[in-house]
Amino acid sequence: ISMTQPALTQQQTEIAASIREEALRMNALVNNLLDMARLQSGAVKLNRQWQPLEEVVGSALNAVKSATGRHRLVVKLPDNLPLLEFDAVLIERVISNLVENAAKYTPAGSSISIGAMLAGGHVDVWVEDDGPGLPAGREDEIFEKFERGQKESATPGVGLGLAICRAIVQAHGGRIRAENRPQGGARFAFSLACGNPPQVNVAEGNVAGEESPA
61 ISMTQPALTQ QQTEIAASIR EEALRMNALV NNLLDMARLQ SGAVKLNRQW
111 QPLEEVVGSA LNAVKSATGR HRLVVKLPDN LPLLEFDAVL IERVISNLVE
161 NAAKYTPAGS SISIGAMLAG GHVDVWVEDD GPGLPAGRED EIFEKFERGQ
211 KESATPGVGL GLAICRAIVQ AHGGRIRAEN RPQGGARFAF SLACGNPPQV
261 NVAEGNVAGE ESPA
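Every letter in the sequence shown is one number past the one before it in my numbering, and letter 73, counting from 1, is 133.
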């Protein structure tokens, strides 16, 4: 005999959705804590590869699409960026964390910009917004574990996202910083060293130093 489960009431549906949301949040917290422990202990081995920055920016924005649906995204990547040697999974995590953080603390309809520029021997990558900005004097403090941009806030989070960003960037030999923009809003920027990328032989499609197939 087949039995049909009765449909959930609106209250039951809301409770189930709330339980699911809290479970996902707890899972994210545990994963962040584990990642932070691995990064600080040096247990994470970077999978560095030479690659274009544009690809990891695209994958990061795709990963946070649901969080940024109510914001205007602007990408500013110049054509002269060199190949960079970095761990794509980890740098994607940095960019997605910064973009998600901007979306979390700025109102719907505001703009979030992702850009980069060549600056001497490194590339600066930044995420900017036109929201309320950062609390004055706490621009460095917010990168500490369990610190948040707004101490008393209804916005979910425990303050690990930016700490993980700093740990990943430092593992790459770079630095990350935060500041308030003169025109309003916050700006987060991190640097990646240029190094000596392999030269590509455009005519033959080979990387310099590699032999052409016979």
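Backbone N, C-alpha and C define an ideal beta-carbon position, used for all residues, glycine too.
First through last residue of the beta strand (DSSP E) which encompasses residue i
i, result
"N240", "I236 to N240"
"V247", "Note on identity: in this sequence residue 247 is Arg, with Val being the wrong assignment. A246 to A253 is the extent of the beta strand (DSSP E) around R247."
"G180", "Neither: G180 is in no beta strand (DSSP E) and is coded neither H nor E."
"R108", "R108 to Q111"
Where residue i falls, given that 16 or more other Cβ within 10 Å makes a residue buried
i, result
"I75", "exposed"
"V185", "buried"
"K211", "Confidence at K211 is low in this model, with a pLDDT of 49, below 50, so its placement is unreliable and no value can be given for it."
"R98", "exposed"
"L68", "exposed"
"V187", "buried"
"V159", "buried"
"L150", "buried"
"R226", "buried"
Inter-residue CB distance, residue i and residue j (contact presumed, cutoff 8 angstroms)
i, j, result
"M177", "P138", "6 angstroms"
"V116", "I174", "Not confirmed; about 11 angstroms, so no contact."
"L113", "L121", "Not a contact, Cβ separation roughly 13 angstroms."
"L194", "N240", "5 angstroms"
"S170", "H131", "6 angstroms"
"L106", "A231", "6 angstroms"
"I224", "R108", "Actually they do not touch by this definition, with Cβ atoms about 18 angstroms apart."
"I202", "D189", "I202 to D189, Cβ: 14 angstroms. No contact."
"H182", "A83", "Not quite, the Cβ-Cβ distance comes to about 41 angstroms (not below 8 angstroms), so this is no contact."
"G197", "A246", "Contact flag wrong, Cβ pair sits at about 14 angstroms."
"S156", "V124", "5 angstroms"
"F250", "G234", "6 angstroms"
Alpha helix (DSSP H) segment containing residue i, residue limits
i, result
"I228", "G221 to A231"
Runs of beta strand (DSSP E) wholly within the segment 128-159 (minimum 3 residues, chain order) | 132-136 and 144-147
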